[in-house]
Ligand SMILES: [Zn+2]
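Numbering (the numbering used here), first residue to last: -3 to 63.
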């Protein structure tokens, strides 16, 4: 069963597999605190749209962290 992870900044419940995968990709596999897409965008100073593009790229590359 998948672990339920909340955003540690805004408390958004039950982050998606894609959100969790993106945290691992962009922050590092050892990441312990997860951001939702919006907070990750703020943290990295990019737009949510850019992050969604990155998710699509990783998916197209066949990365197993994304669905
Ligand atoms: Zn958040």
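The C-beta atom is built at its ideal place from N, Cα and C for all residues, glycine as well.
Cβ distance (whole Å) where residue i is taken to contact residue j below 8 Å
i, j, result
"residue 53", "residue 14", "Not quite, the Cβ-Cβ distance comes to about 12 Å (not below 8 Å), so this is no contact."
CB contact flag (residue i, residue j, <9 Å)
i, j, result
"residue 9", "residue 35", "no"
"residue 17", "residue 61", "yes"
"residue 59", "residue -1", "no"
"residue 37", "residue 44", "yes"
Opening and closing residue of the alpha helix (DSSP H) in which residue i lies
i, result
"residue 37", "33 to 40"
"residue 17", "13 to 22"
"residue 27", "Here residue 27 belongs to no alpha helix (DSSP H), and DSSP marks it neither H nor E."
"residue 53", "44 to 56"
Same chain, Cβ closer than 8 Å to residue i, five either side skipped, listed in chain order
i, result
"residue 6", "32, 34 and 35"
Own chain partners of residue i with C-beta closer than 6 Å, once the 5 adjacent residues on each side are dropped
i, result
"residue 2", "9"
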